[in-house]
Amino acid sequence: MSLVIDAISTIPESLNNVVRFSRERFNPNVLQEIVQDADSLDEMDIVSIIFLFTDQETEIHQLIEFLLNDPATYFNTLRHRVNWEEKLLESLIIIGNIKVIKKLGFDNNEIEAMKVRFVYNVHNVSENLNKVIKSLYFVCSNLDTKEVSKLITKVNERLCSPVQLNSNKLWLEVYILYWLQQNYISINEDNPNLNNLIEDLKSIGCLIDLPFNFEDWKTTHRNLQDSSNTLINDNSMPYTSNNTYNQNDNNSETTRIPWGKNQKRLCIIINQKNFKNKVMYKFRRGSDADEKNLIETLRGCNFEIDEPKRDLTKSQMIDFLDSFNTERYNQYACIFMCILSHGSEGEVVFSDDKKISIDTIRDKFCCEKLQNVFKFIILQSCQGKQIGWVERNSEQSTGRLVTDGPTSPVFYKHFGLFQATLNGFVAFRNEDEGSWFIQDICTELRISTPTIVTEWVKKVKKRVGDRRATCTNFKEIEAVQIPCSSDTISDDYMIPKYQEFR
């Protein structure tokens with residue numbers, strides 16, 4: 001099977017230049033020249049870049065002193081860091097200073113390629129920089145002055161030695177470095193700890209306003225092994241933050257959710273293979289393999305399997321979504337809805353080539369009748385036209401692929417959305433074996449259960465993100481795909497242990 005693309009894909013033209021952006025274009029004095037050019041970087045840009053260069057090896061005390069007194073001098077020392085050229089380019093892309101990149105001799109095509117390669121708009125993904133620091137920079141750039149002041153005050157209330165800067169510059173980056181120095185937070189990528197900061201942001205009302213899920217970093221210690229006997233007998237009890245299964249506490253919110261009393265689980269599959277415009281939306285070969293894999297795996301996890309719905313039109317899908325707000329579905333403790341189709345950014349395509357927004361699907365799924373049901377959407381479709389890629393020498397190539405693309409707030413509780421790919425990017429499908437995303441979803445359900453949903457999602461993200469494959473139309477690159485998720489989960493759901501269905 002050859003790799004075909006179901007959306008009009010966009011791939012950077014100057015790939016040969018992009019793969020090796022840096023060293024040949026940088027002279028040893030380039031950082032000093034950038035700082036001396038008053039039209040290139042302002043003081044905030046310099047502080048931001050220095051902050052983004054921070055890692056576990058950085059001498060934090062020294063860094064803080066320079067940032068407060070002489071950031072330009074410290075900036076010039078960044079050339080002694082390993083791979084500093086790539087780090088500088090990635091930092092400039094993240095802070096949005098395209099002017100300097102152009103002064104370094106890069107054209108628009110190369111700059112667009114950098115945005116793709118560095119995944120600049122995703123808070124916790126980075127090729128060269130510390131991922132936790134990148135995420136913290138996103139926090140800094142999304143809080144206004146009043147919110148920064150509230151956060152600093154809140155953290156100081158909890159610190160044994162509150163931070164008081166002798167500076168009129170309210171740089172949150174510098175305060176974060178102080179908090180790092182005092183072990184209030186940790187940027188160890190293997191074992192980060194941002195729980196204190198997450199709680200502080202939540203307490204001042206800023207966490208919910210961030211345009212990304214900073215709570216991805218929250219570390220919740222769960223001991224599944226100690227609960228193994230419980231899991232075998234009662235696999236769908238809500239998982240609460242105190243590591244216990246809440247069965248009898250009448251004061252607990254979880255006792256109002258009938259997951260412990262009602263063990264029924266339902267899997268719904270929407271399989272869109274055929275489309276009216278067969279040129280724009282090609283037949284989705286391999287989608288039946290995904291359907292079969294989902295049925296066999298989720299049946300093995302004790303889900304009822306609804307009769308698969310195939311090639312629905314937009315109006316048929318809307319009618320089906322409206323049916324959720326009836327008595328039929330509220331008998332279940334958990335409903336997984338798996339949608340397999342073509343898509344574009346924020347939308348899913350149906351057999352008459354008409355689209356429904358993901359927001360509409362979510363809004364209709366999160367209805368009054370299902371407010372106490374654990375609702376989870378698995379979405380296998382493209383979310384844009386851009387092909388994710390990495391340099392062409394990966395050892396983890398996995399074959400040739402095709403892609404899938406050219407009310408009341410209380411009702412949204414207990415909801416999760418798991419998408420095959422980031423907004424703006426395509427998702428890959430092997431025409432024989434099915435899509436990467438669905439393959440890895442099913443693999444993790446088979447080998448990792450019993451497990452809670454949020455842990456399973458993390459494992460699937462890692463498995464898909466580690467895949468590489470030849471992209472037939474663009475032999476210079478290796479295809480890569482990064483799934484994404486969002487949720488309003490407060491009490492996690494335990495997926496039962498997979499047992500082969502006979």
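The opening residue of the sequence shown carries number 1 in full-length UniProt numbering; numbering runs sequentially from there. Ideal Cβ placement from N, Cα and C applies to all residues, glycine included. None of these values were measured; they are calculated from a predicted model.
Straight-line measurement puts the Cα of T451 at about 11 angstroms from the Cα of K458.
Within 10 angstroms of the beta-carbon of E86 lie 16 or more other beta-carbons, which makes it buried. Taking D352 as reference, the option from M317, T443, A420 and G416 with the minimal CA-CA separation is M317. Segment contact: the stretch 354 to 369 against the stretch 277 to 297, fewer than three CB-CB distances shorter than 8 angstroms; contact not assigned.
With contacts defined as CB atoms closer than 8 angstroms, I335 and I378 fail to qualify as a contacting pair.
For K202, same chain residues with a beta-carbon under 8 angstroms away, outside a window of 5 residues either side, are I208 in chain order.
Proximity to L151 across C206, K103 and Q272 peaks at C206, based on C-alpha coordinates.
Residue environment: V410 is assigned as exposed (fewer than 16 neighbouring CB atoms within 10 Å of its CB, all protein chains considered). Less than 8 angstroms separates the beta-carbon of Q331 from that of K264. Taking 8 angstroms as the upper bound for CB-CB distance, D200 and K154 are in contact here, some 5 angstroms apart. Comparing alpha carbon positions, the residue from Q272, I34, I60 and N124 closest to P483 is N124. Rounded to whole angstroms, K273 and R429 show a C-alpha spacing of 12 angstroms. With three or more CB-CB distances shorter than 8 angstroms, the stretch 45 to 52 counts as touching the stretch 69 to 83. If you look at R265, you'll find it in the beta strand (DSSP E) that goes R265 to N271. With a cutoff of 8 angstroms on beta-carbon distance, S40 and V100 are scored as near each other.
In this structure F283 is exposed. Its beta-carbon is surrounded by fewer than 16 other beta-carbon atoms within 10 angstroms.
Membership of N430 in the beta strand (DSSP E) is indicated by the continuous run F428 to N430. Per DSSP, F374 lies in no alpha helix (DSSP H); the unbroken beta strand (DSSP E) holding it starts and ends at F374 to Q380.
Contact check for N128 against N195 fails: the beta carbons are separated by 8 angstroms or more. Secondary structure of G434 (DSSP, three-state): strand. Contact annotation, V460 with Q481: C-beta distance approximately 11 angstroms; criterion of less than 8 angstroms not satisfied.
Residue pairing from DSSP leaves I46 without any beta-bridge partner. Where E347 is concerned, the enclosing beta strand (DSSP E) starts and stops at E347 to V349.
P308 places its beta carbon less than 8 angstroms from that of N271.
Short of 6 angstroms from the beta carbon of F66, and not among the five residues preceding or following it, lie these beta carbons of its own chain, in chain order: Y74.
Less than 8 angstroms separates the beta-carbon of Q56 from that of N188. In this structure, S486 sits near L417, with a CB-CB distance shorter than 8 angstroms.
Under the criterion of beta carbons closer than 8 angstroms, I495 and C367 do not qualify as touching, at roughly 23 angstroms. In the three-state reduction of the DSSP assignment, S203 falls in the helix class.
Ranking D432, T313, Y329 and N213 by CA distance to the CA of K355 puts T313 first. Listed as beta-bridge partners of A469 by DSSP are A479.
Rounded to the nearest angstrom, the Cβ distance from Y137 to I98 is 17 angstroms, too far for a contact under 8 angstroms.
Distances from the alpha-carbon of I64 to those of L180, R81, A38 and D144 put L180 closest. Secondary-structure assignment with DSSP links S186 through a beta bridge to N193. For S357, no alpha helix (DSSP H) run applies; the uninterrupted beta strand (DSSP E) run containing it begins and ends at K355 to S357, by DSSP.
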